[in-house]
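Numbering (my numbering), first residue to last: 55 to 367.
So the structure is just underneath, and the comments pick up after that.
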Amino acid sequence: MDDSACYQLHLAPYQHRFRTPLRTARGGWYTRQGLLVKLTARSGASGWGEIAPLPAFGSETLAQAQHFCAQLGRTVSAAQIVAIPDTLPACQFGFESAEADLHGAIASPDPPQSSIAKLLPAGAAALTAWEPAWQQGHRSFKWKVGVLPWVDEWALLRELTAALPPAARLRLDANASLELTAAEQWLQKTAELTAVEFLEQPLPPTELAALLTLSQRYPTPLALDESVATLTQLADCYQRGWRGIVVIKPAIAGSPRRLRQFCRQHSLDAVFSSVFETKVGRRAAIALAAELANPQRALGFGVETCDVPPGSC
Ligand code: MG
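Structure, rendered in structure tokens:
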């Protein structure tokens, strides 16, 4: 990219209410808010990016992103984009991907459903939700755990895994909600279930040492998600010895350029995943996944895609 380039900046805030609120161990999530970024070069070429913060995972808040954008005014230079601080990872993603889009550098891959993991609703609703998704071609599924009492959830999981066809793979996501003894219970019990691909983030990010120990003690693989939400955290966990699966959410990981460098330097078992962004962010995130994700693992983009504001792309 030409560091001296300067772009006209146009922002389009959006707010999208989920058709079905997301239930996780953290509670309910009802509305996705973010900012679409349009950059226009002197040549007239333009590109779109998306700022979709997820502060619960350590990104900036929407207000912080708005404050940053407001102080830029009506233009932004390539040098300013490179200099966006690591405290604003969703802004780094939004501006860099808009610039890449302007230069025609974002491919538009359209992955088949068979390579996209479908998020099932929490609780008993999963028992009826998997089959239509299977008919659409999905072969990997994800189910939130830590939402109901253990005995109820374990009974549902047994029922779900018994119903799934043998080729199905199931990811369990605890969203950092479990105590150590509960995490051990899940790992002991899921060792019997061949459909389980991995257990995602059973313990909070502060418990990396315990997560490392658990990853060596049980056959069910563990994946880190909240622990590696930003590139800074991902590099830290890698440096502290984590070599297991990592869930990368490009929209909040930070600079795509530096994420690419890191993934190419280190051989990561990476699953790429959505933060319920709109089609604008999703396209840039899936393009990165096509380059950097472990092709043996389904992409975590089987979620409701937010509508894009009219006229924005
Ligand atoms: Mg997760």
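We treat Cβ as the ideally placed atom computed from N, Cα and C, and that holds for glycine.
In this structure, how does DSSP classify residue i when only helix, strand and coil are distinguished?
{"i": "His320", "result": "coil"}
{"i": "Lys196", "result": "strand"}
{"i": "Arg128", "result": "coil"}
{"i": "Leu353", "result": "strand"}
{"i": "Thr359", "result": "coil"}
{"i": "Trp83", "result": "strand"}
{"i": "Arg337", "result": "helix"}
{"i": "Ile160", "result": "coil"}
{"i": "Thr332", "result": "strand"}
{"i": "Ala171", "result": "strand"}
{"i": "Tyr68", "result": "strand"}
{"i": "Thr141", "result": "coil"}
{"i": "Ala152", "result": "helix"}
{"i": "Ser100", "result": "strand"}
By how many angstroms is the C-alpha of residue j removed from the C-alpha of residue i?
{"i": "Cys367", "j": "Pro163", "result": "Unreliable positioning characterises Cys367 in this predicted model, as indicated by a pLDDT of 49, which lies under 50. A coordinate reading is not provided."}
{"i": "Leu285", "j": "Leu313", "result": "6 Å"}
{"i": "Gln319", "j": "Gly295", "result": "15 Å"}
{"i": "Asn229", "j": "His192", "result": "23 Å"}
{"i": "Gly158", "j": "Ala119", "result": "25 Å"}
{"i": "Ala99", "j": "Leu262", "result": "45 Å"}
{"i": "Leu126", "j": "Arg96", "result": "18 Å"}
{"i": "Ala154", "j": "Ala352", "result": "25 Å"}
{"i": "Thr129", "j": "Cys145", "result": "15 Å"}
{"i": "Ala249", "j": "His121", "result": "45 Å"}
{"i": "Gln167", "j": "Leu278", "result": "24 Å"}
{"i": "Ala26", "j": "Ser194", "result": "The chain is shown only over 55 to 367; residue 26 falls outside these bounds and no answer can be derived."}
{"i": "Leu234", "j": "Asp290", "result": "22 Å"}
{"i": "Ser309", "j": "Leu89", "result": "17 Å"}
{"i": "Ala149", "j": "Leu232", "result": "Note that residue 149 is Phe in the sequence shown here, rather than Ala. If you take the alpha carbons of Phe149 and Leu232, they lie about 36 Å apart."}
{"i": "Arg80", "j": "Arg73", "result": "19 Å"}
{"i": "Leu268", "j": "Thr85", "result": "35 Å"}
Measure the CB-CB distance between residue i and residue j and report whether it falls below 8 Å.
{"i": "Ser169", "j": "Ile160", "result": "no"}
{"i": "Lys172", "j": "Gly356", "result": "yes"}
{"i": "Leu210", "j": "Glu251", "result": "no"}
{"i": "Ile299", "j": "Pro165", "result": "no"}
{"i": "Gln87", "j": "Leu116", "result": "yes"}
{"i": "Val329", "j": "Ile302", "result": "no"}
Would you decide whether residue i is buried or exposed? Buried here means 16 or more other CB atoms lie within 10 Å of its CB.
{"i": "Glu246", "result": "exposed"}
{"i": "Leu213", "result": "According to the sequence shown, residue 213 is Glu rather than Leu. Exposed, since its Cβ has fewer than 16 Cβ neighbours within 10 Å."}
{"i": "Gln69", "result": "exposed"}
{"i": "Ala368", "result": "Nothing about residue 368 can be read from this structure; the chain reaches only from 55 to 367."}
{"i": "Phe111", "result": "buried"}
{"i": "Arg337", "result": "buried"}
{"i": "Asp227", "result": "buried"}
{"i": "Gln255", "result": "buried"}
{"i": "Ser321", "result": "exposed"}
message: I'd like to know if the region 267-280 and the region 234-246 are in contact, where contact means that at least 3 CB-CB pairs between them fall below 8 Å.
response: yes
message: Check whether the region 333-353 and the region 178-189 touch, using three or more Cβ-Cβ pairs below 8 Å as the test.
response: no
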